[in-house]
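Here is the structure we will look at, set down as structure tokens.
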Amino acid sequence: MNKNMKILVVDDFSTMRRIIKNLLKDLGFTNIQEADDGSTALPMLQQGDFDFVVTDWNMPGMQGIDLLRAIRADENLKHTPVLMVTAEAKKEQIVAAAQAGVNGYVIKPFTAATLKEKLAKIFERLG
Amino acid sequence: MTSSSAPMSLDDAKQLVVMLESGDNQGAQQLLDKVNDTNSVELFEEVGKLTRQLHDSLNNFQFDERIANLANEEIPDAKTRLTYVIETTEQAANRTMDLVDNCMPIATKLNSEINAILPEWKKLLSRQLALGEFNVLCRRLDTFLEEGEAESGKLNEFLTEMLLAQGYQDITGQVIRRVIELVKEVEDSLVHMLTMFGETESLKITHISDKQADSVKAEGPILDAANRDDVASDQDDVDDLLSSLGF
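Right, dumping it as structure tokens:
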């Protein structure tokens, strides 16, 4: 895992962004930026060379699932791994996220160990 | 006008029979008209009464102070209260994390000091420490104890503040409880309105089709995951579902 990779954390609650950011820092990642919903995140992704996206689902403006679909539809972004970290736990939602091409799905509340495990899995699969 | 009441009084009937027997047809007709008039007046009175009742209840419904109050004050007030809950919980979370940020370096420093002193200390206990090293160890221990006292005092202070920061739960809990009461009241008013205008059936149907269309719509934290079979109750459930999809 490249610890210098550029990560975008997308969540409408600043406290949750802070918690995820702190956990990522604990795991050794320091190059982290934040966005408060999909419509803020998408232009950031299109302009910056992000290696990884961690996003919430339920946000005002553009929702996480729509951000995921937009990333997969964008020729330059479609290979960016996306981890969904959300309180949305309906099975249909998880299936929808999988069909939209999510790389991992963590439900809130989560532990540092879960986040670490999912991150490791994603990067292992990507090689 | 009940079905049990007589269509005309007995006296009227007897008089009618007398008139018919004596061939007084005109008198009999007048008597019958009089009886019918009385019945009509009763009917009109009854319809009038019902109309007034309907009018009054519609008026009352429209000007029901409680409903006006709900719409004009309590609902906006509830929005303010819920915004307050978001702000308060955000503040508490940030305050707690600030305090954790303050505690971390102190704990790290104490730990690294102890790790540095420990080997020398073990050497002292097993009488393997030279006099020169002993003097260095003493000075180091002295500094460590003095700094340690101040630092652990700070830790104590930060932890107490962290404890106090959790007081938000009490406050927000109370606010949310009041909003729940308000929602209950609004629900009761709506049910009352539905019974009054009797459109329960058509409303139920729209509600169901809305639900079907929005099964993937964001719902927020699931408050009753244990009672629902359409949600994943924990991360293991999510992982199982995803692996069944080939993840």
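Sequence lines, in order, name chains U and L.
In terms of full-length UniProt numbering, the first sequence opens at residue 1 and continues consecutively.
In terms of full-length UniProt numbering, the second sequence opens at residue 1 and continues consecutively.
Yeah, the Cβ is synthetic: ideal placement off N, Cα and C, and Gly gets one too.
Proximal chain L residues relative to residue 93 of chain U, where beta-carbon distance stays under 7 Å: 216
What in chain U is Cβ-close to residue 93 of chain L, meaning under 7 Å? 15
Length of the line joining the Cα atoms of residue 115 of chain U and residue 11 of chain U: Whole-angstrom Cα-Cα distance: 15 Å.
Cβ-based burial, residue 19 of chain U [other Cβ within 10 Å; buried from 16]: Looking at its Cβ environment, which holds 16 or more other Cβ atoms inside 10 Å, residue 19 of chain U is buried.
Can you check whether the C-beta of residue 158 of chain L is within less than 8 Å of a C-beta belonging to chain U? Not an interface residue.
With a threshold of 16 other CB atoms inside 10 Å of the CB of residue 168 of chain L, please say whether the residue is buried or exposed. buried
Look up residue 35 of chain U in the DSSP assignment and say whether it is helix, strand or coil. strand
Between residue 61 of chain U and residue 49 of chain U, what straight-line distance do the alpha-carbon atoms span, to the nearest angstrom? 23 Å
Would you say residue 87 of chain L faces chain U, with C-beta separation under 8 Å as the test? no
Assigned secondary structure, residue 104 of chain U (DSSP; H/G/I helix, E/B strand, else coil): Residue state, collapsed to three classes: strand.
For residue 69 of chain U, I'd like the list of residues in its chain whose CB is within less than 7 Å of its CB, leaving aside the five on either flank, ordered along the chain. 100
Below-8 Å beta-carbon distance, residue 97 of chain L vs any chain U residue: Chain U contact via Cβ: present.
Rounded distance between the beta-carbons of residue 90 of chain U and residue 106 of chain U, thought under 8 Å: With a Cβ gap of about 15 Å, residue 106 of chain U and residue 90 of chain U do not count as contacting.
Quick one, which residues of the stretch 236-247 of chain L are near chain U if we go by CB-CB under 7 Å, in chain order? 238, 241, 242, 245 and 247
Where the beta strand (DSSP E) through residue 216 of chain L begins and ends: Careful: residue 216 of chain L lies outside any beta strand (DSSP E) and carries neither H nor E.
Candidates U:87, U:45, U:95 and U:28: closest to residue 1 of chain U by CA position: U:28
Is the closest heavy atom of the ligand PLP to the C-beta of residue 16 of chain L under 7 Å? Absence of the ligand PLP from the depicted structure is noted, as is the absence of any ligand whatsoever, leaving it without description.
Exposure of residue 7 of chain U, with buried meaning 16 or more beta-carbon neighbours within 10 Å: buried
Please go through the same chain and pick out, in chain order, the residues whose beta-carbon is closer than 8 Å to the beta-carbon of residue 33 of chain U, but skip the five residues on each side of it. Once the five neighbours on either side are set aside, the close Cβ partners of residue 33 of chain U are 6, 7, 8, 9, 44, 48 and 50.
For residue 85 of chain U, tell me which candidate among U:125, U:23 and U:72 has the shortest Cα-Cα distance. U:23
To the nearest angstrom, report how far apart residue 120 of chain L and residue 135 of chain L are at their CA atoms. 11 Å
Nearest-angstrom Cα distance between residue 31 of chain L and residue 46 of chain L? Going by the C-alpha atoms only, they are around 24 Å apart.
I want to see whether chain U comes within less than 8 Å of residue 107 of chain L, judged by CB atoms only; does it? Residue-level contact by beta carbon fails for residue 107 of chain L and chain U, as no gap is shorter than 8 Å.
Backbone CA spacing between residue 104 of chain L and residue 110 of chain L [nearest angstrom]: 10 Å
Thinking C-alpha only, which one of U:79, U:94, U:112 and U:83 is nearest residue 230 of chain L? U:94
Going by C-alpha to C-alpha distance, which of U:73, U:76, U:21 and U:65 sits closest to residue 38 of chain U? Of the listed residues, the one whose Cα sits closest to residue 38 of chain U is U:65.
Examine chain U for any beta-carbon lying closer than 8 Å to the beta-carbon of residue 231 of chain L, and answer yes or no. yes
Any idea if residue 103 of chain U is buried or exposed, counting beta-carbon neighbours within 10 angstroms, 16 or more meaning buried? buried
Which residue wins for smallest C-alpha separation from residue 180 of chain L, given the options L:195, L:75, L:138 and L:194? L:75
Classify residue 52 of chain U as helix, strand or coil using the three-state DSSP reduction. Under the three-state reduction of DSSP, residue 52 of chain U is assigned to strand.
Does residue 21 of chain U pass the burial test, meaning 16 or more other C-beta atoms within 10 Å, or should it be called exposed? buried
Between residue 26 of chain U and residue 112 of chain U, how many whole angstroms is the CB-CB distance? I'm expecting something under 8 Å. 7 Å
Taking just the CA atoms, how far does residue 54 of chain L sit from residue 87 of chain U? 49 Å
What does residue 165 of chain L reach in chain U if we use C-beta pairs closer than 8 Å? Going along chain U, no residue has its Cβ under 8 Å from residue 165 of chain L, so there is no contact; the nearest lies around 12 Å.
Going along chain U in order, which residues have a C-beta closer than 9 Å to the C-beta of residue 90 of chain L? Per Cβ cutoff of 9 Å: 13, 14 and 15.
Relative to chain L, which residues along the stretch 63-91 of chain U have a C-beta separation below 7 Å, given in chain order? Within the stretch 63-91 of chain U, those residues whose Cβ lies closer than 7 Å to any Cβ of chain L are, in chain order, 63, 87, 88, 89, 90 and 91.
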